[in-house]
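Taken in sequence, the protein lines are chains E and H.
Numbering-wise (the working numbering), the first sequence opens with residue 72 and increments by one.
Numbering-wise (the working numbering), the second sequence opens with residue 95 and increments by one.
Even glycine gets a Cβ: it sits at the ideal position worked out from N, Cα and C.
Since the structure comes first, as structure tokens, the remarks are kept for the end.
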Amino acid sequence: MENFNEDIMKEKPSKKPRPEASKVKELRRQTPPTDSKNELPIDEGYSKTFLRVVIAVSVFLISITLSGVLGINSMFENSRKQIVSNFTVQIIPLPNYEESRKDLLNVVNFLEKYPNIKQVSVLSDNELKALIEPWLGNNVDIELLPIPKLLDVQITPNVDFDYKKLMIRLSEVSSQASINDHNLWLSRLLKFINSLKVLALTVLLLVALASVTAIVYAAQTSLNIHKDTINILHIIGATDNYIALNYVKQITYTSLVAGIIGTLISVPAILVVGSMAKGIEAGIFNTVSFGAQNWLTIFSLPVLSAIFVAITAYITIVKKLKNMI
Amino acid sequence: MLESLGYITAINIKKGKKMETRGFEPIVEMKNVSLAYGDNPPVLKSIDFAFRRGSMHFLTGKSGAGKTSLLSMLYLAQRPTEGTLKVFGSNIAMTDRDKMAFLRRRIGVVFQDFRLLEHLSVFDNVALPLRLKGMKEKEIRQRVIELLAWVDLSHNMYVKSSEISGGEKQRVAIARAVINRPEILLADEPTGNVDNEIALKLMKLFAELNRLGTTVIIATHSEELMERYNYPRLKLENGHLEYIK
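In structure tokens, the structure reads:
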């Protein structure tokens with residue numbers, strides 16, 4: 072032991088001046104400042120501002136696109152409900168007036184007794200005249216024209232009505248009667264709406280792709296800026312998960328705030344477009360409605376985008392950290 | 095004399111001297127360890143050495159001899175390019191990232207340039223190793239306040255570490271390194287930036303930690319320091335490690 076330096080050997084641990092117990096107690100009683108304890112200081116730099124702007128703009132675009140899709144969807148659903156609750160039966164007149172009248176009565180009787188049919192109304196001559204008026208003018212004697220008789224048939228709502236079966240049964244009652252159930256028109260509308268949905272989905276995917284690129288860029292930039300800090304954290308014993316979560320926690324909060332801003336900006340735009348659509352007063356557009364469920368979807372976008380950012384950032388950071396010490 | 099105290103722990107192949115390890119379980123073991131950065135020639139070559147638990151060594155050598163590189167391997171920031179490095183019995187080449195992090199928590203490091211997190215307060219810098227361990231905030235507060243009072247930094251506890259003097263930063267760095275009661279303490283030129291009085295205090299602190307069971311390795315090029323404190327020396331020269339009594 073004599074080989075040790077005497078200065079050190081003279082110094083006994085017990086003689087080392089210990090902090091006064093009262094002083095330590097007093098320090099423990101002090102309230103610590105509530106400053107952030109984030110080990111990764113991502114508050115500085117352009118990457119955070121860049122990310123904020125990108126997220127706000129992305130959420131705005133997604134909100135507008137989504138509201139468009141939801142609005143069109145509601146329009147289609149409203150129209151479908153309205154249209155499928157009734158159909159038209161057309162009866163081509165026979166050469167003999169009495170036979171034609173008898174045929175009409177048979178069809179009406181048959182339909183009135185048919186399951187899930189609520190009401191059968193025969194369109195009056197005046198109603199028929201109004202229908203052909205745009206083409207033939209108002210000075211037409213409808214008795215002189217071979218116009219078919221039209222029946223407006225109301226069916227029980229929310230029932231899966233079998234038109235094919237009715238068509239077969241109806242042909243047994245009258246060879247002159249046929250059904251127009253609007254299915255062709257609806258299928259064309261549905262096709263158009265589906266095309267719009269695909270277009271909207273493409274826009275959403277592109278916006279998501281742009282967002283992912285921005286998040287990856289922001290995360291990698293931030294990690295490069297704070298490489299020294301991360302190295303220190305690793306040396307002290309921080310796991311990749313600890314560092315990643317520290318970063319993700321901050322970036323998620325930033326995204327949530329930016330997402331709320333983006334959504335709030337989109338709300339007036341949605342309201343303006345919605346009121347313009349209603350103002351057209353052109354048949355189908357009157358059925359556009361934007362209910363509470365749709366608004367809930369729009370207002371959930373900031374949370375969904377924050378979760379999306381958190382997952383993307385976590386994956387990016389953990390991947391990048393694996394290349395560090 | 096040192097041999098009888100169990101300080102001779104090395105097997106130095108370069109000098110051809112095979113020294114006894116006296117049947118102890120080494121805390122750090124290096125077998126034929128080399129380290130190279132990229133395609134450059136190795137900075138450390140075929141090092142065979144073992145550190146006994148509770149030993150204290152000086153690590154010396156000229157500037158650029160590889161002291162910092164060797165230390166960085168010991169605090170697990172680098173994996174050897176060749177050979178086997180075992181720390182706490184774990185072969186570092188076979189250890190996954192998460193386990194490496196847990197091993198690092200058992201090692202305290204005092205850097206020459208302190209490497210504090212400058213945006214954090216003195217308190218938060220020292221508390222960091224405990225937070226990483228998931229210790230409760232109440233216990234962290236108790237331990238950090240006591241240690242900061244001991245190193246005479248209570249008055250600057252909540253000041254950002256960027257706003258304190260070099261000597262104070264040194265003490266924060268040391269407090270951060272020892273708060274976790276490390277089993278290994280590595281210090282890179284710890285007296286390089288401080289005056290003689292503080293250097294003496296630091297050496298007393300390291301000696302005391304060593305007496306409490308911590309394995310201490312101090313990298314220095316100060317002949318004066320090594321002559322004043324007669325701990326066994328390890329000299330790095332041309333990438334080879336040489337044991338000097």
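| Check | Outcome |
| --- | --- |
| First through last residue of the beta strand (DSSP E) which encompasses H/Ser255 | Careful: H/Ser255 lies outside any beta strand (DSSP E) and carries neither H nor E. |
| Contacting residues, own chain, Cβ-Cβ under 6 Å from H/Pro284 (five flanking each side not counted) | Val204, Leu296 |
| Contact check, E/Phe147 vs E/Val244, beta carbons under 7 Å | no |
| Cβ pair H/Val266, H/Ser255 closer than 7 Å | yes |
| Cutoff 7 Å: E/Ile388 Cβ touching any chain H Cβ | no |
| Residue burial classification, E/Asn317 (beta-carbon count within 10 angstroms, cutoff 16) | buried |
| DSSP state of H/Thr154 mapped onto helix, strand, coil | strand |
| Whole alpha helix (DSSP H) elements within the region 121 to 192 of chain E, 4-residue minimum | 168 to 184 |
| Residue burial classification, E/Arg240 (beta-carbon count within 10 angstroms, cutoff 16) | exposed |
| Sequence-distant residues of the same chain with beta carbon closer than 6 Å to E/Lys83, five excluded per side | Confidence at E/Lys83 is low in this model, with a pLDDT of 42, below 50, so its placement is unreliable and no value can be given for it. |
| Candidates H/Leu138, H/Tyr323, H/Gln264, H/Glu302: closest to H/Asp289 by CA position | H/Gln264 |
| Under 7 Å between C-beta atoms of E/Ile396 and E/His305 | yes |
| Counterpart residues of H/Asn185 in DSSP-defined beta bridges | H/Lys180 |
| Span separating the alpha-carbon of E/Pro186 from that of E/Ser360 | 32 Å |
| Chain-ordered chain E contacts of H/Val203 [CB-CB under 7 Å] | Ile306 |
| Selection of the region 215 to 239 of chain E by Cβ proximity to chain H, strictly under 7 Å | none |
| Exposure label - H/His249; buried when at least 16 CB within 10 Å | exposed |
| Extent of the continuous beta strand (DSSP E) to which E/Asn394 belongs | First-last for E/Asn394: undefined, no H or E at that position. |
| E/Thr300 (DSSP reduced to helix, strand or coil) | helix |
| Helix, strand or coil at H/Glu331 according to DSSP, with G and I counted as helix | strand |
| Interface residues of chain H facing E/Thr310 [CB-CB closer than 7 Å] | Asp192, Ala195 |
| E/Lys152: contacting residues in chain H (beta-carbon distance under 9 Å) | Result: empty, since nearest Cβ-Cβ is about 57 Å, beyond 9 Å. |
| 7 Å Cβ cutoff, E/Ile301 in contact with chain B | The displayed structure is made up of protein chains E and H, and chain B is not among them. |
| Distance CB(H/Gly202)-CB(H/Pro276) smaller than 7 Å | yes |
| Backbone CA spacing between E/Ser145 and E/Lys189 [nearest angstrom] | 26 Å |
| Sequence-distant residues of its chain with Cβ nearer than 8 Å to E/Tyr234 (five each side left out) | Phe158, Ile250, Asp252, Asn254 |
| Closer than 7 Å to chain E by CB, H/Arg199 | yes |
| Helix, strand or coil at E/Pro84 according to DSSP, with G and I counted as helix | Confidence is the limiting factor: at E/Pro84 the pLDDT is only 41, short of 50, which leaves the residue's position unreliable, though a coordinate-based value still follows. Residue state, collapsed to three classes: helix. |
| When E/Gly345, E/Ala348, E/Val328 are compared against E/Thr120, the one with the closest alpha-carbon | E/Val328 |
| Within 7 Å, strictly: CB atoms of H/Ala269 and H/Val220 | yes |
| Contact residues within the region 119 to 131 of chain H, judged by C-beta distance below 9 Å to chain E | none |
| 6 Å Cβ shell around H/Ile186 - same chain, five flanking residues per side excluded | Arg173, Leu179 |
| Proximal chain E residues relative to H/Tyr169, where beta-carbon distance stays under 9 Å | Ile306 |
| Residue burial classification, H/Val137 (beta-carbon count within 10 angstroms, cutoff 16) | buried |
| Residue-level contact to chain H via CB, E/Ile382, 7 Å cutoff | no |
| Endpoints, beta strand (DSSP E) assigned at H/Leu241 | Premise fails: H/Leu241 lies in the alpha helix (DSSP H), 231 to 244, not in any beta strand (DSSP E). |
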